[in-house]
Amino acid sequence: MQFSISYRISRLFLYLLVAVFVLWKGVITEPDTLSYVGLSIITPPGYGTFLFVFRKLLGDENYFPFIVLTQLILCFTSCWYLIKILKRIFTINKKILILIDVILLAPVLIPEYLVVNRIVTQGLTYPFFLIIISFLLQTVFEKRKFSGWFLLISVFAGILTRTQFLFIVPVILLVLGYQWYLTRNLKKYVPLGIAFIAMPVLVSVIQKTFNYAVHDNYINISSTGLQVMIMPFFVADAEDYLLYKSPKTQAYYKQMYQTAVDRKLLDDFYKPVNDNVFHHFDYNFVNISYGVLSKKGRLFLRPSDPDSIEAMIENDKFLMDMWLPLLLDNFWKCLDLFYKNVEHAFGGFYMIWFYVLVFVFSGYSWRKYDDELALFSLLLMVLTFSNILLVCIVQHSIGRYMIYHQWFLPVLLILLFNRLLLLQKSKTNP
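Numbering-wise, numbering that gives the first Met the number 0 puts 246 at position 247 of the sequence shown, and it's gapless, one number per residue.
If you want it as structure tokens, here you go:
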């Protein structure tokens with residue numbers, strides 16, 4: 000079924016509206032933008048390199064608008080390609096096809112996200128993710144010859160841009176393992192599986208090499224000590240400094256803890272009547288991570304030069320050595336906070352069960368009826384669980400970490416509605 004003329008016109012009109020909106024909003028910078036521009040040692044190299052290339056080509060003063068334009072083109076291209084793949088796999092009614100465009104382009108327009116206008120990683124990683132889903136669908140449903148390797152390259156680029164994309168790797172390994180189990184084709188699936196298993200190590204090596212070339216330090220400290228320490232520190236107690244034998248570590252902990260107490264950032268200070276502990280954690284996450292553990296930690300360790308790379312590296316190693324004893328000592332409180340973080344990510348307790356029911360029903364329908372839509376739904380649910388669980392271990396569950404899967408349910412509902420329309424049509428015209 001080819002795209003109809005009416006759909007093409009509607010799609011062109013939608014894309015023009017989105018383009019006008021993006022150009023009207025213009026460039027939006029964030030506090031993190033300077034980290035990427037400066038090729039900071041605490042950020043993955045992908046987005047910083049992307050900005051660096053444009054800066055060298057266009058000059059320091061003029062390149063941000065071209066970044067926005069490039070991100071817009073990439074977003075349009077990835078959206079177009081994913082819909083092309085969906086249309087090949089599922090017979091989609093042309094009257095509702097435009098709704099999928101609207102949903103996929105929503106993060107470009109929603110004020111909370113504005114992924115194209117912002118000079119941060121989402122401008123690249125959102126279109127990357129749509130492309131990854133496209134290649135994953137080609138690998139699972141169409142079994143094209145090189146789709147698995149295209150999938151490998153796209154995931155690799157995504158992780159180098161945003162470490163969060165590691166959540167995709169275990170899902171792909173499950174897919175490849177199942178396909179190998181069905182076909183016993185070692186030549187086709189085992190090399191690809193080994194490449195995906197080795198990918199986190201290769202990404203870390205590349206990031207260390209990049210940091211050595213730029214900062215003369217062969218190290219990877221993005222998404223490490225600072226991230227994993229925040230949750231156990233938030234629920235910790237004043238006497239937990241006794242967990243550490245080193246006097247310096249004890250002094251570090253006491254100073255960080257007292258600073259957090261003075262600013263009322265920890266779990267002891269939430270108000271049970273009008274609030275809950277997660278909202279207090281969510282609201283103060285940046286204040287704890289940057290304001291205390293990063294800024295004050297570096298000042299404690301290197302008072303003469305707290306903003307140096309050496310201070311960042313030393314502070315990260317310090318936090319990595321501290322987090323496990325603190326986590327184990329406060330394990331049940333951390334687990335409770337982790338659950339509340341997950342609950343917020345899903346949108347509440349009942350939404351967790353809704354996703355679980357969709358997962359179970361999709362798996363049952365796929366196994367019993369070999370239904371392609373059920374398999375598609377199952378893949379999306381597993382990706383959702385993987386993303387949320389990974390994010391909630393090291394971050395608070397804010398929208399910019401969730402945009403990658405938030406379009407799953409609306410698109411599934413559209414495809415389900417499309418199936419009902421097709422069934423009704425088949426009954427009307429037997």
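Ideal placement from N, C-alpha and C gives every residue a C-beta, glycine not left out.
From a predicted model like this one, the values you see are computed outputs, not experimental measurements.
**Prompt:** Can you list, in chain order, the stretches of the alpha helix (DSSP H) that have 4 or more residues and sit fully within the segment 86-122?
**Reply:** 96-108
**Prompt:** Start and end of the alpha helix (DSSP H) containing I196?
**Reply:** 185-214
**Asked** How many angstroms separate the CA atom of S425 from the CA atom of L419?
**Response** 10 Å
**Prompt:** Nearest CA to the CA of P409: which residue from S385, S396, L50, L379?
**Reply:** L379
**Asked** Under three-state DSSP, which class holds V272?
**Response** With a pLDDT of only 49 at V272, under 50, the local geometry of the prediction cannot be trusted, and the value read off the model is given with reservation. Residue state, collapsed to three classes: coil.
**Prompt:** For I27, does the three-state DSSP call read helix, strand or coil?
**Reply:** strand
**Prompt:** Quick one: Cα of T32 to Cα of M230, how far?
**Reply:** Each residue's CA atom was taken as its position, placing T32 and M230 some 25 Å apart.
**Request:** Report the option in Q257, V260, S203 whose CA atom is closest to the CA atom of F155.
**Result:** S203
**Request:** Identify which residue in V107, Y400, I131 has its Cα closest to the Cα of L16.
**Result:** Taking only the C-alpha atoms, the option nearest L16 is V107.
**Request:** State the DSSP-derived secondary structure class of D315, mapped to helix, strand or coil.
**Result:** helix
**Request:** Report yes or no: do the segment 395-414 and the segment 184-202 share at least 3 C-beta pairs separated by less than 8 Å?
**Result:** no
**Request:** Just the C-alpha distance for N116 and L242, rounded to the nearest angstrom, thanks.
**Result:** 46 Å
**Request:** Pick out whichever of K186, S39, F277, I130 has its Cα sitting closest to the Cα of E309.
**Result:** S39
**Asked** Using DSSP with H/G/I as helix, E/B as strand and the rest coil, what is V359?
**Response** helix
**Asked** For F49 versus I118, is the C-beta spacing smaller than 8 Å?
**Response** no
**Request:** Consult DSSP for R143 and reduce its assignment to one of helix, strand or coil.
**Result:** coil
**Message:** For K24, tell me which candidate among I84, L113, G47 has the shortest Cα-Cα distance.
**Reply:** L113
**Request:** Classify S245 as helix, strand or coil using the three-state DSSP reduction.
**Result:** Under the three-state reduction of DSSP, S245 is assigned to coil, being neither helix nor strand.
**Prompt:** How is P43 classed by DSSP in three states: helix, strand or coil?
**Reply:** coil
**Asked** Which term fits L415, buried or exposed, when burial requires 16 or more other beta carbons within 10 angstroms of its beta carbon?
**Response** exposed
**Asked** From what residue to what residue does the alpha helix (DSSP H) around T182 run?
**Response** 167-182
**Request:** Measure the alpha-carbon distance for S9 versus I97 and round it to whole angstroms.
**Result:** 7 Å
**Request:** Take D328 and list the residues in its own chain whose beta-carbon comes closer than 7 Å to its own, dropping the five residues that flank it on each side.
**Result:** Result list for D328: D239, L242, in chain order.
**Expected contact under 8 Å - CB spacing of M319 and T223 to nearest Å** = 6 Å
**Request:** Return helix, strand or coil for N329, following the three-state DSSP convention.
**Result:** coil
**Request:** Pick out whichever of Q206, I84, F330, A235 has its Cα sitting closest to the Cα of I131.
**Result:** For the residues Q206, I84, F330, A235, the minimum Cα distance to I131 belongs to I84.
**Request:** Drop a sphere of 10 angstroms on the beta-carbon of P246, count the other beta-carbons inside from all chains shown, and report buried for 16 or more, exposed for fewer.
**Result:** P246 comes out exposed.
**Asked** Quick one: is Q163 buried, meaning 16 or more other Cβ sit within 10 Å of its Cβ, or exposed?
**Response** buried
**Prompt:** So, using beta-carbon positions, are E53 and F65 closer together than 8 Å?
**Reply:** The sequence as given places Phe at residue 53; Glu does not occur at that position. Yes, they are a contact pair.
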